[in-house]
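A short write-up of the structure that comes next.
Number of protein chains: 2
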Amino acid sequence: MSSSSPDRVVAVVGATGAVGEVLLRVLEQRSFPVSELRALASERSAGSSVRFRGEEHRVEVARPEAFDGADFVFFAATGSLSKELAPEVARRGGIAIDKSSTWRLDPNVPLVVPEINGAAVEKQRGIIACPNCTTIPLAMTLEALRRVAGLRSAVVTTLQAVSGAGLPGLEELAAQQSALHEGRPLPAPSAFAAQIAANVVPVCDAFGDNGYTAEEMKLLHETRKILEMPQLPVTMTCTRVPVPVGHSASVLVETERPLEVAAARAAFAAFEGIELVDDPSRDLAPTPADVVGRDEILVGRVRRDLSGDRLWYWECGDNLRKGAATNAVQIAEEVLRRGLG
Amino acid sequence: MSSSSPDRVVAVVGATGAVGEVLLRVLEQRSFPVSELRALASERSAGSSVRFRGEEHRVEVARPEAFDGADFVFFAATGSLSKELAPEVARRGGIAIDKSSTWRLDPNVPLVVPEINGAAVEKQRGIIACPNCTTIPLAMTLEALRRVAGLRSAVVTTLQAVSGAGLPGLEELAAQQSALHEGRPLPAPSAFAAQIAANVVPVCDAFGDNGYTAEEMKLLHETRKILEMPQLPVTMTCTRVPVPVGHSASVLVETERPLEVAAARAAFAAFEGIELVDDPSRDLAPTPADVVGRDEILVGRVRRDLSGDRLWYWECGDNLRKGAATNAVQIAEEVLRRGLG
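Here it is as structure tokens:
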């Protein structure tokens, strides 16, 4: 944003959650122009405090009046809170940037990954949606290849970190791992469909009638909307792995035009926000641990399908940063850059 | 085997390893007719002892003379030991059942999953190979569908347990997890290409020149050999997850003839050695923790590709039991049943 921008009043709804906490850090690290910070949360979490730029901020209850005079309100809370409150932000002339799934598929709400479709913020009417944490790295990597060779289809298996389910997910993994470590009986699953410590759970979020989970359907529909390819054949299985932070995905992609491995690697390396980490001669490929605390999506294991003309790749991203908080802040920066907020 | 079978002299090479230990338990549990057990290992591991049917057996060095009079010799050790010693078993009139990758693709050596191609043991000339721990569940589940609808192609992503790399893999995960738990620096990776605790490593075994790992090429070539489909387009990414025991795979399969989800579920349920665990209405799908200590391959998440006519499924198997020890013992039982050993 330009240095002449006057500072903005910024509110964070869900400031005490896993994404909310990272959002405060990202606002600090990126020197977002904040003149006033309002830390908000549901009634359950209000009353505690969070730190921002060295000062404690008491967490207040997220009520419509808290949005009076706010320029940007980041929602990092439950979908029901976003559904109720994001229109209140818009009504007051602010911009709600929502991390929940509530508004993502609304035709009147832009769904934005700035490196792909930053211009979509021009169409905002007070609410801008941030995609799901698995969608962002998938859409970015697919877009990188589409720009050089077009895109025909993709087959995706995700391996998602427990923090995708917020603090309850992190706490459930930690509690079960402690129990295993100390030989105690495991606490029963609550955040996940089954034990997650020392295990893999091939169920993320609730099942729909078609046998797919909500997480899988999000990945399908959000990817199509961001890429503006409403018929793109992309099919997926989403799984949860005992990793605190860092989502991964194994992707097999078919491009419209032939694409050599070297050209695909170059396309990934050239794409803003992607870093290529791909050197089989040194056993080097991206892992979730490599992305923790970073904003880049790491891509590796680029190779040709041995039975056809498709390309495999493997991508990892920090689900709390680029998969959530960083992307949300980048959306706000995009709004400022375009003089819209 | 028939109750009239005289008992056999059985040797286990690698009796102190992760698979060797389970092999002894499986021989006990299945009441394999053992008149004499010889526990063998490399010079490094010899001298310790193992328990079998309540008795301690001193582990002797695996030398050719140890195979004199042996009917079955199970190899659960390194490939180099199998390469050197399996022919010594054959030369002495015994049958080597080898769990290493050494002989699997040898055209003179049957590669056997009894539920699929038990009759292949008829062609044995003293060595029978047991497939890789990822190949066995994949081949079984593909065969289940092929029998009802033919098989055109498959796309596979595996999530493999650390015990696939034997005791060193188990010890590395445990040591890193203890360090994380206690806030100590993590011991450097040795069994795996990167940190495995709280992480996913998308590299199993060494890379080849084509960008695929040895694990991936095994899965390709072994599946084709077992199914006798040398051109089957099957393509895969193999990953390692921080799970002690239990390999999983996410599979997208194209059958020759249309196959409804209900018919696919029925085909899995009807296949010997597979159990269907697939109830989205109860959030029920197989996990690695569910298969630990069991011999069945669990299958779930059966559903149609939303963009085409392919079917997704998810399978889990105990890599030390059906993926290794149990399959090896079943091969010996098949030999006995057919009066060949």
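If you read the protein sequences in the order shown, they are chains A and B.
Residues in the first sequence are numbered from 1 upward in steps of one, following the numbering used here.
Residues in the second sequence are numbered from 1001 upward in steps of one, following the numbering used here.
By construction, the Cβ of each residue, glycine as well, lies at the ideal position given by its N, Cα and C atoms.
Remember, predicted model here, so these are calculated numbers, not experimental data.
Within the segment 293–324 of chain A, the residues whose Cβ lies closer than 7 Å to any Cβ of chain B are, in chain order, Arg301, Arg303, Asp305, Leu306, Ser307, Gly308, Trp312, Trp314. Any Cβ of chain A closer than 8 Å to the Cβ of B/Val1203 would place that residue at the interface, and such an atom is present. Non-local C-beta neighbours of A/Ser82 in its own chain, meaning closer than 6 Å and more than five positions away in sequence, comprise Phe75, Asp98, Ser100, Thr102, ordered along the chain. In the three-state DSSP reduction, B/Val1162 falls in the helix class (H, G or I). Here B/Pro1185 is exposed, its C-beta having fewer than 16 other C-beta atoms within 10 Å.
Residue pairing by DSSP leaves A/Ile116 without any beta bridge partner. In this chain, the beta strand (DSSP E) harbouring A/Leu311 covers 311–317. CA-to-CA, the gap between A/Val73 and A/Glu28 works out to about 16 Å.
Along the segment 1106–1127 of chain B, none of the residues has a CB nearer than 7 Å to a CB of chain A. Look at A/Phe74 here: in three-state DSSP terms it is strand. Nearest to A/Val291 by C-alpha distance, out of A/Arg58, A/Gly79, A/Arg321, A/Ala174, is A/Arg321. Listed in chain order, the alpha helix (DSSP H) elements of length 4 or more contained wholly in the segment 260–337 of chain A are 261–270, 288–291, 326–337.
Across the set A/Ala267, A/Ile297, A/Leu85, the C-alpha of A/Ile297 shows the shortest separation from the C-alpha of A/Ile274.
Inclusion of A/Gly308 and A/Leu284 in the CB contact set at 8 Å is not warranted, their separation being larger than that value. Residue-level contact check: A/Val234 touches chain B, since one or more beta carbons of chain B fall below 8 Å from its beta carbon. Excluding the 5 residues flanking it on each side, A/Ser250 has same chain C-beta neighbours closer than 6 Å at Thr157, Trp314, in chain order.
With fewer than 16 neighbouring CB atoms inside 10 Å of its own CB, B/Arg1058 falls in the exposed class.
For A/Glu21, the enclosing alpha helix (DSSP H) covers residues 18–29. When C-alpha distances from A/Arg125 are compared across A/Lys218, A/Ala96, A/Val113, A/Met217, the shortest belongs to A/Ala96. In the DSSP assignment, B/Glu1088 falls within the alpha helix (DSSP H) that extends over 1079–1091. Taking C-beta atoms under 8 Å as the contact rule, A/Leu232 and A/Leu151 qualify, at a distance of about 7 Å. When 7 Å is used as the limit between beta carbons, A/Ala193 is near these residues of chain B: Asp1283, in chain order. Annotation: the continuous beta strand (DSSP E) that includes A/Leu37 extends over 34–41. At a cut-off of 8 Å between C-beta atoms, B/Thr1157 counts as an interface residue with respect to chain A. Looking only at A/Pro110, A/Ala70, A/Pro64, the smallest Cα-Cα distance to A/Lys225 is reached by A/Pro110. As a beta-bridge residue in DSSP terms, B/Ala1129 pairs with B/Asp1098, B/Leu1111. The segment 1059–1069 of chain B makes contact with the segment 1010–1018 of chain B: 3 or more CB pairs, one atom from each, lie closer than 8 Å. Across the set B/Leu1220, B/Arg1282, B/Ile1116, B/Trp1312, the C-alpha of B/Trp1312 shows the shortest separation from the C-alpha of B/Arg1265. Proximity of the segment 194–211 of chain A to the segment 158–172 of chain A meets the contact definition, three or more beta-carbon pairs being nearer than 8 Å.
Among the CB atoms of chain B, one or more fall inside 8 Å of the CB of A/Ser248. Its Cα nearest to that of A/Val253, the residue A/Thr141 stands out among A/Glu84, A/Val245, A/Thr141, A/Gly323.
Close partners of B/Val1243 in chain A (Cβ separation under 9 Å): Ala198, Asn199, Val200, Val241, Pro242.
As a beta-bridge residue in DSSP terms, B/His1057 pairs with B/Val1050. Counting the other CB atoms within 10 Å of its CB gives B/Gly1047 a total below 16, which places it among the exposed residues. Listed in chain order, the non-local C-beta contacts of B/Ala1191 below 6 Å within the same chain comprise Ala1165, Pro1168, Gly1169, Glu1172, local neighbours out to five positions each way being set aside.
In this structure, B/Pro1131 sits near B/Arg1104, with a CB-CB distance shorter than 8 Å.
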